[in-house]
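>
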Amino acid sequence: MVTLKAGLTLTAALVKRRQKTILGPIDLALAASGFTIVLGPNGAGKTTLLKVLHGIERLSAGSVTWPITEPLVRQQQAFVFQSPIMLRRSVWANLAYPLQLLGRPRAEIAQKVDDWAGRIGLETALNRQAPRLSAGEKQKLTLARALIRQPQTLFLDEPCANLDGRSTREIETLLRNAFDNGTRIIMATHDLGQARRLATDVVFLLNGQLQDQGLAPRIFNAPGTPQSQAFFAGEIVE
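In our numbering, the protein residues as written are -15 to 222.
1) Given this structure, state the Cα-to-Cα distance separating T152 from T20, to the nearest angstrom.
2) Rounding to the nearest angstrom, what Cα-Cα distance links L147 and R181 in this structure?
3) Assign Q66 to one of three DSSP states: helix, strand, or coil.
4) Between which two residues does the alpha helix (DSSP H) harbouring Q213 extend?
5) Give the DSSP-derived three-state secondary structure of Q84 in the structure shown.
6) In angstroms, rounded to a whole number, what distance separates the CA positions of L103 and Q95?
7) T(-5) and D11: beta carbons closer than 7 angstroms?
8) Mind checking T167: buried by the 16 CB within 10 Å criterion, or exposed?
9) Measure the Cβ-Cβ separation of A62 and L138 and say whether it is below 7 angstroms.
10) Let me know the beta strand (DSSP E) ranges lying completely inside the stretch 2 to 46, each 3 residues or longer, listed in chain order.
11) Classify Q178 as buried or exposed, calling it buried when 16 or more other Cβ atoms lie within 10 Å of its own Cβ.
12) Can you give the beta carbon distance from F216 to D141, rounded, assuming they're within the 8 angstroms contact cut?
13) How about I132 and P143: do their beta carbons lie closer than 7 angstroms?
14) Would you please verify whether the beta carbon of E41 is less than 7 angstroms from any beta carbon of chain D?
15) Count the other CB atoms, across all protein chains shown, that sit within 10 Å of the CB of R129; report buried if there are 16 or more and exposed otherwise.
16) Taking the alpha-carbon positions, what's the L127 to P68 distance?
17) Whole angstroms are fine: how far does the CA of A45 sit from the CA of P207?
18) To the nearest angstrom, how far is it from the Cα of H174 to the Cα of F188?
19) What residues in its chain sit with their C-beta under 6 angstroms from that of K0, if we drop five residues either side in the sequence?
20) Roughly how many whole angstroms lie between the Cα atoms of L(-12) and D99?
21) Taking S118 as the reference, give the member of M70, L83 and A162 with the closest Cα.
22) Flag this pair as yes or no: are the beta carbons of Q60 and Q136 separated by less than 7 angstroms?
23) Whose C-alpha, out of Q113, A145, V97 and T108, is nearest the C-alpha of G120?
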């Protein structure tokens, strides 16, 4: 596996839909490692930015540059959406699926499925149909399915938006462990408390524009623009 030695760069990145600008133009550089939190109010462009970085949203103009070829980059990434996407199969089958796509041996698949089922507390539910799980269980399963193949970069779009405190804590624990084990994480959230708990660096968007970016301590303690100052002070920004 090729390891990313440098980060990614957006240059004059622009997304338009029906002549309306959704994102940009944005110039943005992200390091090869870190836990980046993308913040901003609803409609700020957070989801669109993540999709652009992951390659599932086409740019109207500009470019995204990775240090290695795009096909290889895509193989090393995973994306977790706000609403869990379940295969209409068992918990076991959901966890096994990404490893089966990679052609991993059956014994390895069985071992990793058992391991990850234990990590997310579903070791006794492997034969249950995934769509019948609770919201928190579905999101943990979705996250485990993304992490089981050990992606180098993980994108998450508001993964805890509809979860209670306990499920949120469990998701955050999984994310911290993944980050500690070397996974590059880029995550959108509207939760300032969660951002403060997890972020190494922050990207702040407003109306599709990059308003502030930097290491988490600086962003939280000394926001660099009037818009980010207002947002972090709990004011409504638009």
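Using N, Cα and C, we set each Cβ at its ideal position, and we do this for glycine too. Note that the structure is a prediction, hence the values are computed from the model and not measured.
Taking the structure as given:
1) One C-alpha to the other measures close to 18 angstroms.
2) If you take the alpha carbons of L147 and R181, they lie about 17 angstroms apart.
3) Here Q66 sits in coil by DSSP.
4) From DSSP, the alpha helix (DSSP H) with Q213 extends over P210 to F216.
5) Helix.
6) Just to set this straight, residue 103 is Arg in the shown sequence, not Leu. Approximately 13 angstroms, taken between the alpha carbons.
7) Yes. Within cutoff.
8) By the neighbour-count definition (other C-beta atoms within 10 Å, threshold 16), T167 is a buried residue.
9) By the CB criterion at 7 angstroms, A62 and L138 fall inside the cutoff.
10) Segments of the beta strand (DSSP E) lying fully in the stretch 2 to 46: 4 to 14 and 19 to 23.
11) Per the 10 Å Cβ criterion, buried.
12) 21 angstroms between Cβ atoms; not a contact.
13) Between I132 and P143, the C-beta spacing is not below 7 angstroms.
14) Among the protein chains of the structure shown there is no chain D, as only one such chain exists.
15) Buried.
16) Whole-angstrom Cα-Cα distance: 9 angstroms.
17) So the alpha carbons of these two residues sit roughly 29 angstroms apart.
18) Going from the Cα of H174 to the Cα of F188 covers about 11 angstroms.
19) Cβ within range, chain order: S44.
20) Note that L(-12) scores 37 on pLDDT, short of 50, meaning its location in the model is unreliable; the coordinates nonetheless yield the value given after this. Going by the C-alpha atoms only, they are around 27 angstroms apart.
21) When only C-alpha atoms are compared, the closest one is M70.
22) For the pair Q60 and Q136, the CB atoms are nearer than the 7 angstroms cut-off.
23) Per the Cα distances, A145.
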